[in-house]
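If you're matching positions, the sequence shown starts at 58 in the working numbering and goes up one per residue.
Think of the CB as a built atom: it goes at the ideal place given N, C-alpha and C, for glycine as much as any other residue.
Contents: one structure, followed by commentary.
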Amino acid sequence: MTDLTTALAAFAPPARPPVLDASDVSYVVEDTPIGRMLLARTVSGAIVASAFVPTDDAEDRLLDRLAHVVSPRVLRQPRALDATRRELEDYLAGRRRGFSTPVDLALATPFQRAVLGRLADRVGYGERATYGELARAIGRPSASRAVGAALGANPLCVVVPCHRVVASTGALTGYAGGLAAKEFLLGLESGQA
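Take a look at the structure:
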């Protein structure tokens with residue numbers, strides 16, 4: 058009997074869960090008032106993704122993209138994102154107007170970087186811009202549709218506020234989190250939420 062007990066003890070789970078080393082990319086999935094979002098940060102602390110993932114498939118696609126573009130060492134490590142999670146929660150509750158976490162646009166194309174950089178510089182909290190205005194601001198006045206596509210693929214939704222861009226008529230148009238999320242964010246920023 059002791060041989061069996063000794064053999065079984067070798068397969069017993071450890072008394073405490075293992076402690077994992079920091080990963081190159083840490084992520085967490087959060088249910089927020091505007092939808093299910095995946096937040097990811099690099100080992101340097103910069104946020105690399107703040108994206109809507111309404112389904113498990115969308116989550117898997119984003120994780121695959123992070124693994125391919127940033128690093129294959131992607132681990133779910135919620136604690137590493139505590140500060141960003143608090144900032145997002147405070148932002149969505151109307152208690153803060155921006156994010157202090159540095160951003161990393163590794164998932165953005167060069168054109169997206171130009172668009173997102175200009176957006177962050179020119180369109181502040183509670184303000185709105187049109188796709189055409191943003192296209193002119195980057196020196197591509199006929200690229201309104203391309204600007205819209207770049208914003209539609211924004212890897213840092215809410216953190217880099219693409220929701221502030223509307224049609225030339227002022228109408229709300231596409232948003233990765235859906236029009237209800239865009240309306241919520243604009244209402245929040247205008248004090249109407």
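Whole-angstrom C-beta distance between residue 138 and residue 83, which should lie under 8 Å: The count along the sequence shown starts at 1 and reaches residue 83 at position 26. The count along the sequence shown starts at 1 and reaches residue 138 at position 81. With 8 Å as the limit, residue 83 and residue 138 qualify as a contact, their Cβ atoms being about 6 Å apart.
> Between residue 168 and residue 207, is the Cβ-Cβ spacing less than 8 Å?
Replying inline: Along the sequence shown, read from residue 1 onward, the residue named residue 168 stands at position 111. Along the sequence shown, read from residue 1 onward, the residue named residue 207 stands at position 150. The answer is yes: Cβ separation under 8 Å.
Please report the residue range of the alpha helix (DSSP H) in which residue 98 lies. What you label residue 98 is simply residue 41 of the sequence shown in a count that begins at 1. Element bounds for residue 98: not the alpha helix (DSSP H) but the beta strand (DSSP E), 92–99.
Helix, strand or coil: which one does DSSP assign to residue 197? Against the sequence shown, residue 197 aligns to sequence position 140. Residue 197 falls in the coil class under three-state DSSP.
When the Cα of residue 216 is compared with those of 126, 120 and 161, which residue comes out closest? The residue labelled residue 216 in the question sits at position 159 within the sequence shown. With distances taken between Cα atoms, residue 216 lies closest to 161.
For this session: Would you check if the distance between the CB atom of residue 105 and the CB atom of residue 127 is smaller than 8 Å?
Result: Numbered from its first residue, the sequence shown carries residue 105 at position 48. Numbered from its first residue, the sequence shown carries residue 127 at position 70. Contact: yes.
**Asked** What is the C-beta distance between residue 209 and residue 201, in whole angstroms, given that I count them as a contact (C-beta under 8 Å)?
**Response** Numbered from its first residue, the sequence shown carries residue 209 at position 152. Numbered from its first residue, the sequence shown carries residue 201 at position 144. About 13 Å separates the two Cβ atoms, so there is no contact after all.
Can you tell me where the beta strand (DSSP E) with residue 84 in it begins and where it stops? Along the sequence shown, one-based indexing puts residue 84 at 27. Residues 82–89.
_Would residue 142 and residue 96 qualify as a contact pair, given that the criterion is a beta-carbon distance under 8 Å?_
Your numbering for residue 142 matches position 85 in the sequence shown. Your numbering for residue 96 matches position 39 in the sequence shown. Contact flag set, yes.
Of the listed residues 120, 236 and 177, nearest to residue 157 (C-alpha basis): In the sequence shown, counting from the first residue as 1, residue 157 sits at position 100. With distances taken between Cα atoms, residue 157 lies closest to 177.
Over what stretch of residues does the alpha helix (DSSP H) that includes residue 168 continue unbroken?
Translated into positions along the sequence shown, residue 168 becomes position 111. Residues 167–179.
Burial state of residue 148 (16 or more Cβ within 10 Å)
For the purposes of this step, residue 148 is taken as residue 91 along the sequence shown, with counting starting at 1. Buried, since its Cβ has 16 or more Cβ neighbours within 10 Å.
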